[in-house]
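Residue numbers (the numbering used here): 788 to 1105. Here a beta-carbon is modelled for each residue, glycine too, at the ideal position from N, C-alpha and C. Just so we're clear, the structure is a prediction, and the values are computed from it rather than from any experiment.
Okay, here's the thing in structure tokens:
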């Protein structure tokens, strides 16, 4: 009975419409050691420091999560966004999705940007991807001018400050997700429209959330290979044990923003970086994605953070 149900599920997956791009602008697919990666761009001929936008990691993410910021900055400066490996239009093959792969994908995106623009980039990440961006900037500091974190993970719960590194991965849990009898069926439940709605309400801290995100999250999770990277996420393999040490080690100017509603409001360990002169903080009366709820306030704060760096760069450009 279960085998019949699972077989039916696999057939039904083939009936979903093709995945459309989550953002307007141009899409470039690049082949990297981390798989094929989709990069979206707009305003590439506009003067200014390029901005790289990086979506979060969960069961349903894609570059759609940065859409308000991408649309806002398109035409004002060169703006880029990435679908990380395992998500969106990027490669979703059956493999282990690791911190190293996600960090390497950010490096690959910056390398692609450097084919068109000289100099370091400004980069902004959401949620768990803030940990990847922090690691990338420590590995290649010259690639980045500033860093921006919206609702970053790593500041919650038990302090993740283990100098030995490693991840929170649980091999038994990952193996359970891969058990053939229920692997696809469980992901179907996790990514049903009611389930996605439930998690979006927890993210936004409200029943008012972006309808387009709900629709695209459903579409992107009903594609071949969609379950592989989310299962590594849920199993803990993309959470680093040294997240707080990564943040403490940053020397770039950092803008950190978060909301006050929903399930992502625990920043008890923000004290690890609050006293550092290179960190700036903004708290919005919103959920975890303030750029969807109050874009003007978010961009005004972020632009204010960038202004001294833009002014310092202006004489050099003249």
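Asked: Which one of 1082, 1002, 1060 has the shortest CA to CA distance from residue 804?; Found: 1002
Asked: Of the residues 848, 1085, 1061, 1034, which one's Cα is nearest the Cα of residue 1072?; Found: 1085
Asked: Under 8 Å: do the stretch 864 to 882 and the stretch 933 to 943 share three or more Cβ pairs, one atom per stretch?; Found: no
Asked: Return no unless some Cβ of chain D is closer than 7 Å to the Cβ of residue 971.; Found: As a matter of chain content, chain D is missing from the structure shown, which is built from one protein chain.
Asked: So within the stretch 1000 to 1056, which uninterrupted beta strand (DSSP E) runs reach at least 3 residues, ignoring any that extend past its ends?; Found: 1041 to 1045
Asked: Just curious, the beta strand (DSSP E) that residue 866 is in, first and last residue?; Found: 866 to 870
Asked: Check whether the Cβ of residue 898 lies closer than 6 Å to any heavy atom of the ligand COA, and answer yes or no.; Found: With respect to small molecules bound, the structure shown includes none, and the ligand COA cannot be examined in it.
Asked: Does the separation of the CB atoms of residue 837 and residue 894 fall below 7 Å?; Found: no
Asked: Counting pairs of beta carbons, one from the stretch 1012 to 1024 and one from the stretch 1074 to 1094, are three or more of them closer than 8 Å?; Found: no
Asked: With a cut-off of 8 Å on the beta carbons, I'd call residue 825 and residue 816 a contact; round off their distance for me.; Found: 5 Å
Asked: DSSP state of residue 965, grouped into three classes?; Found: coil
Asked: Taking only runs of the alpha helix (DSSP H) that begin and end inside the stretch 818 to 891, which ones reach a length of at least 4 residues, in chain order?; Found: 854 to 860
Asked: Curious, which full-length alpha helix (DSSP H) runs of at least 4 residues does the stretch 914 to 991 contain?; Found: 916 to 926, 958 to 964, 970 to 977, 980 to 991
Asked: Taking the C-alpha atoms as reference points, what is the distance between residue 881 and residue 1047?; Found: 37 Å
Asked: Where do the ends of the beta strand (DSSP E) carrying residue 1068 lie?; Found: 1066 to 1070
Asked: Can you tell me whether residue 906 is buried or exposed? The criterion is at least 16 other CB atoms within 10 Å of its CB, across all chains shown.; Found: exposed
Asked: As a quick exercise: from 1050, 1026, 1075, 1066, pick the residue whose alpha carbon is nearest that of residue 890.; Found: 1026
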